[in-house]
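Note that my numbering has the sequence shown beginning at 12, numbered continuously upward.
For every residue, glycine included, the Cβ atom is placed at its ideal position computed from N, Cα and C.
So the structure is just underneath, and the comments pick up after that.
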Amino acid sequence: MNPGTPQGITVPAGFRASGVTAGLKASGGSDVALVVNDGPSKQAAAVFTSNRVAAAPVHWSRQVVSDGRVDAVILNSGGANACTGAQGFGNTHTTAEKTAEALGISATDVFVCSTGLIGEQLPMEKLLPGVNAAVAGLDDDGGTAAAEAIRTTDSVRKESVAVEDGYTIGGMAKGAGMLAPGLATMLVVLTTDADLSGPDLDDALRNATRVTFDRTDADGCMSTNDTVVLMASGASTVKPDKAQFTRALTGLCQDLAQQLITDAEGASHDIAITTVNAASEDDAETVGRAVARSNLFKTAIFGQDPNWGRVLSAVGTTDAAFEPDELNVSINSVQICRNGGIGDSRDLVDLSGRKVTVEIDLKAGNESATIWTNDLTHEYVHENSAYSS
């Protein structure tokens, strides 16, 4: 697409969006986004954080999408509205009602998302006028403005588009830390002008997130607000094959997930950890995640040290099926661990580039899985130690 062309959620037909400044962020940046499905279909599906300490908007939006319909999504950055009690839930309800009133729809069809600092009430005297401004600013080309407004510690906005045979899928995401399964400090809005039923959307979304966002693990920390919502307008009138749609959606979600990892707070390396020849897919995922969550491994990569011993020690903490003296480990295609012992010289591994690949061969079966993570840097510690101050 040409520069200036909308890159995300408003590329599919039937959607308008906006991003405005309500004064929620100390930076003065835009902080309220709105996405509206103009139909003719209003089918939707969503997945949420599995964190038991879930934010008020998560509780509200679970109820909204339970009937498979979402007309609009209102999002704010600058405050998570998590751990805010009855008042916080009331503020979410009020936000939905205000949005619904301005759009002439039902509040029970308004999805609400929030992101930012946990444990503070939203300044409703700023947010509600922001809702009105977002409604007034709705535009067929408003996707990029919306993607900008949901940023918190993100250094860049994150958008993606998949153009298929007769229909389109668009997406925007935010997230740069607390990226762990159960989704991430991640808000994702996905739109399509394909004509699909609610159950088909739900099935496609769960299959797509399972192998993309749920395998994106920047720092092992799970947020209270993680939400991915998919809306279908049906405006293209195309009814795609569900399997083909799922593949296209998965590709778009993977693109957004990679953008999240690349923008992870302070990261200097993007790391793909692939476990192969596992007895089960669960084993492969468990092994990859154990390595991804090893601070020793992550700091080694930051220091450009291909310390395969830290990989093996993390693998050994899991209950996956393997024999320790049969494990192979390769980093950037150099097999530096062979049969549980010394392999090729670690001096052959070049970690000066951004991309790092780790392959762990369990020699226990035929299944595989990839976990995407990043290194642990001084900048990550600095940014998160100063986040609320």
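Which residues does DSSP list as the beta-bridge partners of residue i?
| i | result |
| --- | --- |
| Asp281 | Lys366 and Asn385 |
| Ser125 | Asn87 |
| Gln132 | Its beta-bridge partners do not exist; DSSP assigns none. |
| Ala380 | Thr286 |
| Ala184 | Lys169 and Val199 |
| Arg73 | In DSSP, Arg73 forms no bridge with anything. |
| Ile371 | Thr286 and Val340 |
| Arg80 | Gln54 |
Look at the alpha carbon of residue i and the alpha carbon of residue j, and state the distance between them as a whole number of angstroms.
| i | j | result |
| --- | --- | --- |
| Cys348 | Ala229 | 25 Å |
| Ala144 | Gly39 | 15 Å |
| Gly127 | Ala160 | 12 Å |
| Thr203 | Gln18 | 13 Å |
| Leu45 | Asn339 | 49 Å |
| Leu387 | Val249 | 45 Å |
| Leu362 | Leu267 | 24 Å |
| Ala219 | Met233 | 19 Å |
| Pro192 | Phe59 | Residue confidence for Pro192 is low, a pLDDT of 42 falling below 50, so the modelled location carries little weight and cannot support an answer. |
| Ile180 | Ala57 | 15 Å |
| Arg365 | Thr105 | 45 Å |
| Ala158 | Gly209 | 25 Å |
| Asp281 | Gln269 | 9 Å |
| Gly6 | Asn92 | Beyond the ends of the chain as shown, which are 12 and 400, falls residue 6; an answer cannot be given. |
| Leu207 | Gly50 | 12 Å |
| Gln54 | Asp151 | 19 Å |
| Pro134 | Val76 | 26 Å |
| Ser72 | Arg217 | 17 Å |
| Glu131 | Gly90 | 7 Å |
| Ser279 | Asp78 | 43 Å |
| Thr384 | Glu112 | 42 Å |
| Leu194 | Val222 | Any reading at Leu194 must be qualified, since the residue scores a pLDDT of 40, below 50, and its modelled position is unreliable; the value itself is stated next. Going from the Cα of Leu194 to the Cα of Val222 covers about 11 Å. |
| Gly34 | Thr163 | 13 Å |
| Thr286 | Phe308 | 16 Å |
| Met189 | Phe224 | Since pLDDT at Met189 reaches only 49, below the 50 mark, its modelled position is unreliable, and the value read off the structure follows with that caveat. If I take the Cα positions, the gap works out to 12 Å. |
Just to confirm the assignment, what range does the beta strand (DSSP E) spanning residue i have?
| i | result |
| --- | --- |
| Leu198 | Leu198 to Thr203 |
| Thr261 | Thr261 -> not in any beta strand (DSSP E); alpha helix (DSSP H) instead, spanning Lys253 to Thr273. |
| Arg27 | Phe26 to Val31 |
| Glu170 | Lys169 to Val174 |
| Gly177 | First-last for Gly177: undefined, no H or E at that position. |
| Ser341 | Asn339 to Ile342 |
In three-state terms, what does DSSP make of residue i?
| i | result |
| --- | --- |
| Met242 | strand |
| Gly193 | Since pLDDT at Gly193 reaches only 42, below the 50 mark, its modelled position is unreliable, and the value read off the structure follows with that caveat. Three-state DSSP puts Gly193 in coil, outside helix and strand. |
| Ser41 | coil |
| Val249 | coil |
| Ala97 | helix |
| Gln315 | coil |
| Gly352 | strand |
| Ala65 | coil |
| Val58 | strand |
| Tyr391 | helix |
| Asn48 | strand |
| Asp150 | strand |
Please say whether residue j and residue i have beta carbons closer to each other than 8 Å?
| i | j | result |
| --- | --- | --- |
| Ala380 | Gly299 | yes |
| Leu271 | Lys169 | yes |
| Ile312 | Ile382 | no |
| Arg357 | Glu296 | no |
| Ser52 | Ser291 | no |
| Leu149 | Ala37 | no |
| Leu201 | Val239 | yes |
| Gly154 | Val31 | no |
| Val81 | Cys124 | no |
| Asn288 | Asp372 | yes |
Got a sec, what are the start and stop residues for the alpha helix (DSSP H) residue i sits in?
| i | result |
| --- | --- |
| Ser324 | Trp319 to Val326 |
| Arg349 | From DSSP, Arg349 is part of no alpha helix (DSSP H) but of the beta strand (DSSP E) over Val345 to Arg349. |
| Val302 | Glu292 to Ala303 |
| Thr227 | Here Thr227 belongs to no alpha helix (DSSP H), and DSSP marks it neither H nor E. |
| Asp214 | Gly209 to Arg221 |
| Glu159 | Gly154 to Ala160 |
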